[in-house]
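K.L.:
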Amino acid sequence: KCIAINKYLFKQELLGRTGPPHTFATMSMRSFIQQLNSHGFITMQWDFQKSASLPEFFAEEAETSPHSKLLYYYNPSFNTEHPHLLERCRRR
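Taking UniProt numbering, the leading residue of the sequence shown gets 1, the next gets one more, and so forth.
(1) Determine the closest residue to Leu71 out of Ile33, His22 and Phe78, with distance taken between C-alpha atoms.
(2) Using only alpha-carbon positions, find the residue among Thr80, Glu13, Tyr74 and His82 that is nearest to His39.
(3) Apart from the five residues on each side of it in sequence, which residues of its chain come closer than 6 Å, Cβ to Cβ, to Ile5?
(4) Can you list, in chain order, the residues of its chain with a C-beta nearer than 6 Å to that of Thr26? Leave out the 5 residues immediately preceding and following it.
(5) Could you give the DSSP three-state label for Asn37: helix, strand or coil?
(6) Below 8 Å on the Cβ atoms is my contact criterion, and I expect Met29 with Leu15 to pass it. Report the Cβ-Cβ distance as a whole number of Å.
(7) Should Phe24 be labelled buried (16 or more other beta-carbon atoms within 10 Å of its own) or exposed?
(8) Using 10 angstroms around the beta-carbon of His67, count the other beta-carbons present and answer buried if the total reaches 16, otherwise exposed.
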């Protein structure tokens with residue numbers, strides 16, 4: 001019911017393609033987010049609880065690119081276990 005998008009990688013690998021095939025009709029992150037919103041997706045705030053018992057988690061987190069901002073969007077009709085619900089994700 002939720003999708004997570006790494007903003008930096010999404011812009012670089014999908015929206016930034018120069019030749020075919022184009023995955024999306026837009027090349028702008030702003031336009032893509034507007035399309036998500038127009039199809040009923042809402043922005044979610046996602047706060048992870050970090051465990052002090054996982055030092056390797058903190059090491060990996062420190063190595064993460066400062067550009068890797070995750071964006072979370074929710075739509076009750078977007079569910080990988082029930083693909084037939086996608087019909088409800090129509091443009092409003």
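By construction, the Cβ of each residue, glycine as well, lies at the ideal position given by its N, Cα and C atoms.
P.N.:
According to the structure shown:
(1) Ile33
(2) Tyr74
(3) Leu71
(4) Phe32
(5) helix
(6) 6 Å
(7) exposed
(8) The predicted position of His67 is uncertain, since its pLDDT is 49 and thus under 50; a value taken from the coordinates is nonetheless stated next. It counts as exposed.
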